[in-house]
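Report on the structure given below.
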Amino acid sequence: MRLVQVTVPVGKLEAVRRALDDEEVDYVLSDETSGREYAAIAFIPLPTNAVEPVLESLREAGIDESTYTVVLDAKAVVSRDFEALEERYAEEDTDRIARKELVAAAQDLVPSMRNYIVLTVVSAVIATAGLLLDSPAVVVGSMVIAPLIGPAMTTSVGTIVVDDEMFARGVKLQVVGLLLSIASAAAFAWFGRTVHLVPPFTDVTTIPEVQERLAPDFFSLAVAVGAGVAGSLSLTAGVSSALVGVMIAVALIPPAATVGIGIAWGRPMVSVGSSVLVLVNLLSINLAALVVLRYSGYRPNRWFQLDEARGATIRRVGILAVTILILSAFLGGVTYDSYRAATTEERIHEAVDGIIDDREEARLLSIEVKHSSDIVFRRSETVVVMVGVESDNLPALANPIDAAIERATGHEIRTEVRYVQIASA
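Now the structure itself:
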């Protein structure tokens, strides 16, 4: 529910009365006594989805941006007439807020530049610490303070309402935030490595929290699209965007921190995979938000801007979609490579099982498949087979297992067979 307050200019009072009467809404007019160019102040309680059509009627009656229009959140309205009004607008099956509320809400999500920079740096540093510590809790904490939802929503809203200044500010803040996150993460990771906060000779690619961001697949794209949809829907519904902001940060902050870690460790392949993930996620969030806002029915305030808004939306959606498709080729490669690696490991397990099952004196304990360090198109390089035996007479298994694995995979693989003596009581 909303309470709309409108200052009515001198000479527009009767036009405003007629507009509100035509909309069949209740209102109260109070004399404006400041001695300025206003004749009255109108107080209009409305359901949330009634604000847009009523403001449109008032605009046609002469209430433009030269006057004051204030939209307040009403906690409760006690009136039988208002209940009837709610029932009438409930038939429209929409609870989206008015266009002016949408613009104001998107702008409110963006902090001042100083706070934005500080929060972004702190968030990236905490995420870097969490990744290097392999602490999911710390990584999640970094997402809570990340101020990234505002710029993404501002960019999309600016496109829909043809506010070039708003659009440009959103793009600028997103670029600044992304570069700042990477730079902050790289600086902090370099500092941690230099002063040995991280143990020397640590291979960052073996840290599970880092590994998750090295080889992104199409599931990562689903997270980003979901974040964009949720962010725009929470904005249009006028509800809290705090939790959605965390989801958007999930898609951006940890991968950006991983890029910085790769730079600090001089591991370009770490940075490349995470960079693609960051870019795909960033573009997907913007694309999803833009499509949802357009589908929700938001349009510019002036009718002659409709074609401009439609053209800008189509053009930007096209650019985002094409760029995402190009970058998604990398995600597709990673997804296919994950499937191929899993299939190869399954064949290796079957081959080893076939050899061990024929030997009563041996028991298969474990199989470890080591792959090359490439991000995509990894090759199985080494297979370590752990075999348990009960006697000192070790069976000759290395050559048969190696031959079976090479037949199963179609290429040479280094095979190690390690024996563990098992004592039974």
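With the first letter of the sequence shown counted as 1, position 78 gets the number 531 in the working numbering; the numbers rise by one all the way through.
No residue lacks a Cβ here, since even glycine has one placed at the ideal position from N, Cα and C.
- In this structure, V663 lies near I714, with their beta-carbon atoms less than 8 Å apart.
- Distances from the alpha-carbon of A580 to those of A558, T689, A640 and T460 put A640 closest.
- In the three-state reduction of the DSSP assignment, E869 falls in the strand class, which pools E and B.
- Fewer than three pairs of CB atoms, one per stretch, sit closer than 8 Å, so the region 587 to 597 makes no contact with the region 646 to 657.
- Note: H824 is bridge-paired with S833 in the DSSP secondary-structure output.
- Assignment of beta-bridge partners to A472 by DSSP yields no partner.
- The Cβ-Cβ distance between G681 and I613 does not fall below 8 Å.
- The Cβ atoms of L508 and A551 lie closer than 8 Å to each other.
- For L482, the enclosing beta strand (DSSP E) begins and ends at V481 to D484.
- Scanning the region 655 to 687 for uninterrupted alpha helix (DSSP H) segments of 4 residues or longer gives 661 to 664, listed from N- to C-terminal end.
- Straight across, the Cα-Cα distance linking R541 with L759 is about 28 Å.
- Contact annotation: G698 and L632 have beta-carbon atoms that are not nearer than 8 Å.
- Going by beta carbons, S510 and A472 fall inside the 8 Å limit.
- Between the alpha carbons of R455 and V524 lies a distance of about 6 Å.
- Straight-line measurement puts the Cα of L740 at about 39 Å from the Cα of V469.
- For the pair of segments examined, the region 772 to 789 was found not to touch the region 806 to 817: the number of CB pairs separated by less than 8 Å stays below three.
- Below 8 Å, enough C-beta pairs join the region 793 to 806 and the region 845 to 863 to call them touching: three or more.
- M596 sits in a helix when the DSSP states are folded into three classes.
- Nearest in C-alpha terms to A493, of all of A590, Y521, E618 and P652, is Y521.
- A direct Cα-to-Cα measurement between L730 and N502 gives close to 38 Å.
- If you look at V504, you'll find it in the alpha helix (DSSP H) that goes V504 to E513.
- Beta-bridge pairing by DSSP links L817 to V840.
- Distance from the Cα of A638 is smallest, within the candidate group L743, G603 and P708, for P708.
- Comparing C-alpha distances from G645 to each of S532, G841 and G583 shows the shortest one belongs to G583.
- In this chain, the alpha helix (DSSP H) harbouring R768 covers L759 to I809.
- At the C-beta level, L743 and T689 stay beyond 8 Å of one another.
- For I854, same chain residues with a beta-carbon under 7 Å away, outside a window of 5 residues either side, are V805, I808, V838, T868 and V870 in chain order.
- For the 8 Å CB-CB criterion, L555 and Y792 do not form a contact.
- Just so you know, the alpha carbons of G488 and I497 end up roughly 23 Å apart.
- Taking every protein chain shown into account, the CB of S565 has fewer than 16 other CB atoms within 10 angstroms, so this residue is exposed.
- DSSP places P462 within a strand segment (E or B) once states are collapsed to three.
- Of A702, R666 and K553, the smallest CA-CA separation from Q627 is found for A702.
- Its Cα nearest to that of V563, the residue M619 stands out among S576, A851 and M619.
- Annotation for L850: no alpha helix (DSSP H) segment contains it, and DSSP assigns it neither H nor E.
- Boundaries of the alpha helix (DSSP H) harbouring T607: I602 to I613, taken from the DSSP string.
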